[in-house]
Structures are given as C-alpha cells and as structure tokens.
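Once you know that position 121 of the sequence shown is 154 in my numbering, the rest is easy, because the numbers rise by one and skip nothing.
Structure first, commentary second.
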Amino acid sequence: MVRVAVTGAGGRMGREVIAAADAREDVSVVLAVNRTTVEGSEVAGVPVHDAEELPALLAESDAEVLVDFTGPDSSADYVEACAELGVPAVVGTTGFDSTGTARLADASESIPLLKASNFARGVAALRQAVREAVAAVPEYDVELTETHHNGKRDAPSGTAKSILDDVESVRDDLDERTHGREGDQPRRRSEIGVHARRAGDITGEHEVLLAGNHEVLTLTHRAESRGVFAEGALDAAVWLVGRDAGRYDFFDVIRGDDTTDSEEDTR
Ligand SMILES: NC(=O)C1=CN([C@@H]2O[C@H](COP(=O)(O)OP(=O)(O)OC[C@H]3O[C@@H](n4cnc5c(N)ncnc54)[C@H](OP(=O)(O)O)[C@@H]3O)[C@@H](O)[C@H]2O)C=CC1
Ligand SMILES: O=C(O)C1=N[C@H](C(=O)O)C[C@H](O)C1
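If you want it as structure tokens, here you go:
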C-alpha cells in the first residue's frame, strides 16, 4: 500500500484523487492539504489541513509520494518542499511559465519527479497517433481545438501544448502557433491554428484536424470523467516510489520504463 499526500485536496482534481484512492487497495491517502480550509473539513473521510503547514505536516507524516493538482506557483512551492524532504512528487498541474519549469527541474535533481499534462491513457495514445498521422501527410494543414469547463484558468490547455510539441517534433516547417483568428488574416504555411473553448462543465476534449488534398482527418480524445485523470495520477504515484531522482513522464509509466530524464513535459 503506497502512502500518498495530496495537495489541492479541495479542488476538482484533488477531490477526485482522494475518492479514487479510497476505492483502491494499492494506495492510501495519509495527508491532504488545501489553500482554503474550514474547521473540520474533510474529503472522503480524509481530514484536509491548511496548505501553509505542508512542509511540517509532510515531515511528520509517513507519506511516500505527493500528488499535486493545484496552480503553477503553489505546485512549485510544494515540489520544493518535497525536494527538501526527499519525497517523490507527481505533478498534474499545468500552466507553468519558464520560472516554474526551472524550479521543477531543480527539484528533480534531488527527487523523482513525474509531471504530465494529462494522465488519461487515451491521451497518451492520441499523442502517438498524432505524431504518426502528421508524419504520414506532411503537406497537410494542422489545426488543434481544445474544449474545457468554464472554471479552467490556463489556455491553451497543457495537453494542447504537449500535442503542439508533438506536431512540431515531426513537422519542422510548422513553427508558428496561431491562437484564434480575426480580421484579414490568411493562413500561412508555417501555422498551426490553436483554438481554446471554455463552456459549462466539459471535462476535457482535444481534437487535431489535418486537412489537404481534398480530404480531412480528425483525431479526437474526450475525457468523460475526471476519474480517468485521477486513476492515471495514482498509477504514476505507485510507479514513482523507489525510483532514482530525475524527470519522468506518464509515457514511462505506460511503458513500465526505467530510464530517467524523459523529454520534458513543461505544460
Ligand atoms: N494532468 C492532468 O491529467 C490534469 C491536470 N489538471 C490540472 O490540474 C490543475 C488543477 O485543476 P482543477 O482541480 O480543475 O482546479 P481547481 O481550481 O478545482 O482546484 C485547484 C486547487 O488548487 C488550489 N490552488 C489554486 N491556486 C493555488 C495557490 N496559488 N496556492 C495554493 N493552492 C492553490 C485550490 O485551492 P482553493 O480551494 O483554496 O482555491 C484548489 O484546491 C490545473 O492546472 C489543471 O489544468 C486537471 C485535470 C487533469
Ligand atoms: O483543467 C482541466 O480540467 C484539465 N487540464 C489538463 C490540461 O490543461 O491539459 C488536462 C485535462 O485536459 C483537464
């Protein structure tokens, strides 16, 4: 049974992670914190503490790994607390800038750190399929559309940015991410169009459209529940415990790979 600490325990994903852990036999949540708490707050029977106390609570606890779905600044703070204490960290938070990315990279010199912009196995499959499809029709235009709930802060989504990296890794002629279009703006050959929609309670959709030569190919992933992300993050947490310090990503978990320093997922 892997002992897990959860940050952002009161958020959409934090709650989902605690609920998923409650239903599994290979993990147990031994510590949960949130930025805002009220006296006696709990999620699925797990008491939720003030996030400001995380370093002290983590030191006192017997947590073997942290799972974080919060915001970029707080996530970097929490990961640095993990690095101080030698606790591995799984980061699902997206929207990091270069400073946040560098802070995570520094922390991964002393702890195993697994960061993924999306913990759905279907998205890992989508990313592989996109790389293959884009390589197979190298003249086609590429447009990406992501759709999420109206509470999402960062745009485009971390997953969208990872997919854009994937596209650019096989099409070096595409190096211009065009976010939306307005006015007199004909499409340039080097563009990848990027479109972010926010509405209602949509869990998360990503669609890659390839078009040319009088045909259209679309590759789409739709998450139907946050449970899929929570399960993937917990699989990652179980996999990460006992690894060497370094950077890992969700592809390592899926492959059961033992190598360190995966291609950076900065999203
Ligand atoms: N990798 C993946 O598979 C997935 C990644 N995500 C990412 O996870 C993150 C969280 O998403 P979601 O759960 O929907 O977001 P929510 O807004 O529902 O929850 C965010 C949580 O983080 C806390 N938080 C936010 N900002 C700070 C801060 N500055 N300091 C301390 N705590 C903070 C919030 O605390 P409070 O309650 O006090 O506001 C809350 O508990 C996002 O970056 C999202 O993109 C989401 C789904 C899947
Ligand atoms: O905020 C969300 O909800 C999600 N965020 C991740 C992202 O930014 O890609 C993953 C998923 O799409 C849900």
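Ideal Cβ positions, reconstructed from N, Cα and C, are used throughout, including at glycine.
Treat the numbers as computed from the prediction; the structure is a model and nothing was measured.
Go ahead and label histidine 239 buried or exposed: buried means 16 or more other beta carbons lie within 10 angstroms of its beta carbon, across all protein chains shown.
Label assigned to histidine 239: buried.
If you follow the alpha helix (DSSP H) that arginine 164 is part of, which residue opens it and which one closes it?
154-169
Return the first residue and the last residue of the alpha helix (DSSP H) that aspartate 106 is part of.
DSSP places aspartate 106 inside the alpha helix (DSSP H), whose first and last residues are 105-118.
Could you tell me which residues DSSP puts in a beta bridge with threonine 134?
For threonine 134, which the question treats as bridged, DSSP gives no partner whatsoever.
Just the Cα atoms here: how many angstroms apart are glutamate 165 and leucine 250?
12 Å
Pull up the CB-CB distance for valine 100 and proline 121, whole angstroms please, since I reckon it's below 8 Å.
With 8 Å as the limit, valine 100 and proline 121 do not qualify as a contact, their Cβ atoms being about 10 Å apart.
Since proline 145 is in the beta strand (DSSP E), which residue starts that stretch and which ends it?
145-148
Roughly how many whole angstroms lie between the Cα atoms of valine 81 and threonine 70?
7 Å
Alanine 92 to valine 261 span [Cα, whole Å]
30 Å
State the DSSP-derived secondary structure class of valine 50, mapped to helix, strand or coil.
helix
Exposed or buried, proline 189, counting other C-beta atoms within 10 Å across all chains shown (16 or more means buried)?
buried
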